[in-house]
Structure formats: structure tokens, C-alpha cells
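Going by my numbering, the sequence shown opens with residue 1168, and the numbers climb by one from there. The beta-carbon is built from N, C-alpha and C at its ideal position, and this holds for glycine as well. A short worksheet on the structure shown next.
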Amino acid sequence: MNDDQEPSILDFVKSILIPGRKLIHIPPPVAEEQTPTSESRLSDARSARTGPDTKPLPTRPAREGLQPFPWLVLLALLTALFAQLSLEPRADRSWVTGVFLYGVAGTGLILAMLRGQFHLAEPISPELPDGNGSINWTALLVSLALELAAFLLFASEQFTTVNTAFWLASLAIFIYAIKPKSASFLKWVRGGWQQLKSGVSIKITPWVVLCVAAFILGVIFRIYQFDQVPSQMVSDHAEKLYDIQDVLNGNLFTFFIRNTGREAFQFYWTALLIKLLNTGITFFSLKLGTILLGILTLPFLYLLGKELGSPRVGLFTMLFAGIAYWPNLISRIALRFTLYPFFFAPTFYYFLRGMRTGQRRYFVLSGIFMGIGLHGYSPFRVVPALIILAVALYLLHHRSNRAVKHAVVGLVLIGAVAIIVALPLLRYAVDYPDVVVYRTLTRVTSAEQAITGSPVLIFLQNLWRAMTMFAWDNGEVWVLSIPHRPILDVVSGALYHLGFLAVLVNYFRKRRWTDLLLLIAIPFLMLPSIFSLAFPAENPSLNRTAGAIIPVFLLIGFALDGIFCAIKRAMGASGRTLAGGLVAALLFLSASQNYDLVFNQYRANYDNSSWPSAQIGAVVRDFFDTWGNRDAAYLVGYPHWVDSRLVGINAGTPDKDYAIFTDQFELTLAQPAPKLFILNVNDTPDLEALNRLYPEGVLRLIPSELPGREFYIYFVPR
């Protein structure tokens, strides 16, 4: 095409799809010059006859600056809602209708974007990087020496006063070494602390009130029915509480080997809460720790939306993540799962802010959160690789020497700080690599179970299942989900798919590197689930995909903001009210369904699938409170029944395992009465054995709080 030729539609499409080709911008249509109509000529003649003093006829004021009503946008939204509704679980569910309707919705959205009816919020303009690239080499060498000493001292596999002092000193001196020369250390650190609290305003405005209300709504969804959802612990909770008991007993391990090995953060965090609040070795303590972290993730979702788009994108992102079933459940289940999004959100936020501003303090903060995140939950280990990929994407879109230097320096700073913060774990990994990577190897290789079939084909199938879980099937793990339903509610699912498409089209049109990063981040953060090659039935899982919560809800925020702005631009003064009403309606529908998913469906399914360890623990506690002898209570072993460790924890005696088996019954004769035996209702052989041993015993059926989970108590009075 010559420069003086008008571009064709084919040229425009090629400019979008072919990398490296200059993007053709199509100017908005210019109104054609109107020829005088007979009506206008008649009006002119009348004016000439009546003269200048005659009052003109009243006319309707022009709607200046307004655009045509965005019917295509609303069509896309409505069709997407029906598409996702058709994919909700039911006996005759089929993907055909949903795919067709999503195709219609996608076509409408693309047309709306090409016609200028739908726009994504523009991010904050990049600022010039900090030109002061000085390094205090003496301080840097001191930091490296302290880091090496700490690395050697962590051979003890525990935190001690000495190795912890060397470790923290190496971090502090490293930060001092890379601060700008023009800033004092304390002032620079204080500035970083202020940035840690950025986005929080003490000035009360309607916007602040709205953001606080959105945050409070998220808090309510997290803490409502705190004790009842979920109501029972599972065996993993016992393992966690035993590790926390180790911490409280002074065993300050850098890595905990119980239950195939776990990183340390949750155990120290929960132990701190127990010390501060005196909540004890309980399910409550575990829940409190993870729910607090889930709540603290919400402000970073707001900040990310604001950084990548606008404050309103941040508000919508935080609002819908706050009420959603997925992040709510991974917080409530009280395991380490919520640590993945909790540490990824600030890592990602400060990385993006550092890339935009070039200020080193942001890269330092990103590295700190990345390093702590590596102490949290093993799927977080993909995050360093994602940050490297993000820098590569940035460099593909910014080729200047200044941009290259800026990106490389930022990556080195994040990596260096993260290595220092993760040093205790890294030392343990050097000494015991097989222990640290065992959980990963059992899923990726045939270490525990042979991979059946082609690993490449299984990977692709897992990738497909993970990427479609937002609309179709979130897996079969009852502890953490409602099996075989979409991971998103109808409204969030529709907005997510519209947001994904809008960001994809926006990238092809504007080549914005953060758009591509958001899209790639979703499957990348789900790789810990996708790589379950030996156990493909475990994919998708809400826990190993949890880091994707961040980009998924950002796409939801972008989509809703685009719809809001389209209506507001078209309707003038009334547009904001109409758009706000639509958002409120969508929020109500989403909140209603998520409430039902968590507090009705999930609760019922969880209760139907678990055992009443809390109730049995209460029975044991009542027994030794009454009779004063905790050693005279027994839980008779039975296949696939209550974990006896959970009974002890719920009874307030976490150091006591109440399990007993048939061949041990006669040993109880030495124990003075009264005695209490708890049995499964189907355990007839053990009940008969106890009757023979203690004919004076009294049998009683205890109705369970959970449906179909009744149990026997066999009380021996003397």
C-alpha cells in the first residue's frame, strides 16, 4: 500500500495481526456537508420575510459530546450472561448453547470496540526512571558477606538469634547499598513504608466512602458464619496444628517436613496470632490466620486495578473478588492456599509500579514480598519465572537502551532481595532438595504414580480444563469446592470472558505490554495445577490455581468499567445514574449467587462429606471435665472414619491421640473406671468385643450435627 492510498479493511486487519507492522489508525467518521433541503430553504425564506426582530422558534438543545447509545455493548453483556447461565450445572447441561452465545457476545463486543463504543481504561502514563543509579559498593560487599554467613549458619535448619540477626542485617545493608545517593537511608525507607500504605486516604470523600463500603462487603463475606463454614477439620488441619505446636514449643524450623514437607510462613503467622489472642491450638486459630490474609489481599487488588487502569477498575476488581466464591473458600478452608494470591498481589503491584516509575524502592518491596511468598505455599514458586517473563515482554515492547537498563536493573533488584528474604528456605533446599521438591515431583513425574499416556497430551488436556474452569468445571475436590461447577458465578463469568476478549483486542490495537502480561499470567499462574501429569484428576484445583485470582478479577474489573463508561458517555448527566444502577444490579445478582454457593451449597456438600470430629471432641471434653481422667476415653478405629488426632485437638488436648484398636481393648482393663468408648455405628464386631469385655457397659446412639453421621458411645460406669 502506498502512503497516498486510502487503507483498506484488509490493510487494517493486517496491521493488527502481523507483529512489527505499523498500526493503521482509522479516523472517526466526519459528518458530510449537508445540502439545503426544501425545509431549510423555506425556513430561510420565512426569516427573510419576517426580519431580524422576529423571535425564532424554540429548538431542542444539541446533545454535544454524547455518543450513540451502546446497544452493542449491552447486547454483548446480556448475551454473555445468558451464555454463562446456560453453563450452570444441571442434568442436561451442554456446552453448545453457551459457546454459541459467547460467540455472539464476543462479536458484539469486537464491533463495539471497533465503532468506539467500548474502551478499556488507560493506565497511568509511565514516568521517567530514577536517573540516580549509584551503588554503595562497600555496603554491598558487607551485605554479601553477612548473607554468606547467614547461609552457613542456617545449616542448623532452625531460626536462631545469631543466624536471624545476620540474615536481617544482610537485607537491611543491601537496601542501604542500593538507595539513591541523594536520599538519607531512613528517609528512603520511610518513603518505602509510605508507599506500602499507598492508596489509603485520610480525607473522607464520597469515593473513599464507596471504596471502604466495598472493602467492608468483602470482609462480611469472609467472616460471616465463621465457625460454621466449614464446620469440621480434615487430616491436613491436624498436620498444620501439630507444626504450629512445634513452633510454640520452641522448634523454630526453617522448613517443616511433616506431611511430605511444607513451607514455614503459615505456622509462624498462626503461632503469632495464638500468642497475641490466646486462641489456642484450634481450628479457629487456623481460620483466623488465613481469613485475615484473604481480607488483606483486597486492598492490593484495588491498587492493581488503579495502577493498570483506573481507580474505578480497582474498585470493581476489589468488589467482585470480595464476594466471590473462589477466593472466599481458599481463605476459609484454613490451609496455606490463600498465601498464593496474598503474596502474589503485592509482588505484582510493586513490580508494575517499579517498571512504570523506575524507583528502586518499589523493586525492593516486590522482592521482599516475593521472598516471603516463597516461604508460603509451593505453587508460588512459579512467580519468579512469571516476573522474568514479564520483563521479557516489557523489553519486546520497549527497545531503547534506557528501557533495557531500567528493566534489567529492576529484575536484578527484585531477584537479589527475594534471594536474601528466601535464604533460610534456599539453604534447606540446598541440603535437602529431594524434600523441598518432593510434592512437585510426585505430580510432574512418576515418582509416586506412573504417568499413563503422553505427558504432552496430558499437559494440553490439563491446560484446556484449567482455562475452561471459569465457565465449565472447577474440579472434584469437595474440601475446597462445589464439585463440577464453574469456578465463577454467572455475572463474574460473563464479565471475565468479555474482559479477556477486550484486553486481547486492545493488545492487538495498542500493543500495550501489560495487556499481554495479564492474559499470559492466567495460565502461567495455574501451571502448578496444570502440571499434575501423574494425577490429572486433581486438575483443575482451586488451591494450585489460586494465584490466577489476581489477573482474573482484574479482567472482570476492566470489563465492568468499560461497560460503565460506555453507558455514561452515551447518556450524559443521566448516564452515571443508569450505569451505576446496572453495576448495582449486577453486583446484587453476583452477591446473591455467591452467597448461595458458599453458605448453602458448599456448606451442605462439605457437611455431607466430612465427619463430626468437633462433636466427638466435645463429647470427650465433657467426659474428662466430668470425671477428670482424659486417659479413659477412647476412639475405636474404623476404616475411613474420624481422624483421632482431630478428636484430641477438638477436645482441647492436642498432644493426646485417643485412637484404640481391637487388639488393644484388654489393655484398658488396667485403667480405672469410668471409661468411654466411641464407635462408628457400623462397627458391630468391635461393639460385640466391648460387650464381652465390659458387660456392664451402657450403649447410646448420639445424633450427629451432620446428616447421616451418628455415632455410638459405650460408657463403662465401673
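Query	Result
Taking the alpha carbon of Ala-1826 as the point to measure from, which residue in Ala-1840, Ala-1837 and Arg-1797 has its own alpha carbon closest?	Arg-1797
Just the Cα atoms here: how many angstroms apart are Ser-1811 and Pro-1779?	11 angstroms
I need the boundaries of the beta strand (DSSP E) containing Ala-1800, first residue and last residue.	1800-1803
Excluding the 5 residues flanking Pro-1225 on each side, which residues of the same chain have their C-beta closer than 8 angstroms to its C-beta?	Reliability of the predicted coordinates at Pro-1225 is poor, the pLDDT of 44 falling under 50, and the value obtained from them is presented with this limitation in mind. Counting only Cβ-Cβ distances below 8 angstroms, and skipping sequence neighbours, we find nothing.
Taking C-alpha atoms, which residue in Thr-1264, Thr-1446, Glu-1643 and Ile-1277 lies nearest to Val-1672?	Ile-1277
Please go through the stretch 1721-1775 and give each complete alpha helix (DSSP H) segment of 4 or more residues, from N-terminal end onward.	1740-1763
May I ask you to report which of helix, strand or coil DSSP gives Phe-1434?	helix
Looking at the unbroken beta strand (DSSP E) that takes in Val-1865, where does it start and where does it end?	1865-1869
Could you check if Ile-1717 is buried or exposed, using at least 16 other CB atoms within 10 Å of its CB as the buried criterion?	buried
Among the candidates Trp-1639, Ser-1648 and Ala-1322, whose CA atom is the shortest distance from the CA of Leu-1593?	Ala-1322
Near Leu-1685, what residues of its chain come up, given a Cβ to Cβ distance below 7 angstroms and the 5 sequence neighbours on each side ignored?	Val-1670, Pro-1718, Leu-1721 and Leu-1722
Could you name the residues that DSSP lists as bridge partners for Lys-1842?	Val-1883
If you run the structure through DSSP and keep just helix, strand and coil, what is Gln-1412?	helix
Any idea which residues DSSP pairs Ala-1826 with across the strands?	Leu-1802
Does the separation of the CB atoms of Leu-1580 and Ile-1345 fall below 9 angstroms?	yes
Restricting to Cα atoms, I'd like to know which of Arg-1523, Gly-1795 and Asn-1817 is closest to Ile-1291.	Arg-1523
Leaving out five residues before and five after Gln-1889 in sequence, what residues of the same chain have Cβ atoms less than 8 angstroms from its Cβ?	With the chain represented from 1168 up to 1885, any question about residue 1889 goes unanswered, as that position is not in the structure.
If you draw a straight line from the C-alpha of Tyr-1544 to the C-alpha of Leu-1665, how long is it?	31 angstroms
Can you grab the Cα-Cα spacing for the pair Gly-1784 / Val-1396, in whole Å?	18 angstroms
Less than 8 angstroms between C-beta atoms, sequence neighbours within five positions excluded: which residues of the same chain meet that for Thr-1681?	Pro-1290, Leu-1475 and Leu-1519
Tell me which residue opens and which closes the alpha helix (DSSP H) that Val-1240 is part of.	1238-1253
What did DSSP end up calling Asn-1641 once you bin it into helix, strand or coil?	coil
Are three or more beta carbon pairs between the stretch 1251-1264 and the stretch 1693-1713 nearer than 8 angstroms?	no
Starting from Glu-1855, trace the alpha helix (DSSP H) both ways and give me its first and last residue.	1851-1860
Check the C-beta distance from Met-1693 over to Ala-1638 and give it rounded, since I have them as a contact under 8 angstroms.	Actually they are not in contact, since the Cβ atoms of Met-1693 and Ala-1638 sit about 15 angstroms apart, beyond 8 angstroms.
What would DSSP say about Asn-1495, mapped onto helix, strand or coil?	helix
Is the CB-CB distance between Leu-1482 and Leu-1377 below 9 angstroms?	yes
How many angstroms separate the CA atom of Phe-1467 from the CA atom of Tyr-1674?	24 angstroms
Given a threshold of 16 other Cβ atoms within 10 Å of its Cβ, counted over all protein chains shown, does Phe-1511 qualify as buried or as exposed?	buried
At 4 residues or longer, and completely inside the stretch 1441-1512: list those alpha helix (DSSP H) runs for me, N to C.	1450-1475, 1478-1490 and 1492-1499
Given that a residue counts as buried once 16 or more other Cβ atoms are within 10 Å of its Cβ, and exposed if not, what is Arg-1425?	exposed
With H, G and I counted as helix, E and B as strand and the rest as coil, what does DSSP make of Asn-1418?	coil
With burial defined as no fewer than 16 other Cβ atoms inside 10 Å of the residue's Cβ, what is the status of Pro-1235: buried or exposed?	exposed
What residues match up with Asn-1847 in a beta bridge as DSSP calls it?	Phe-1878
Where does Gln-1325 sit, in a helix, a strand or coil, going by DSSP?	strand
Would the stretch 1533-1549 count as touching the stretch 1493-1508 if we require 3 or more Cβ pairs under 8 angstroms?	yes
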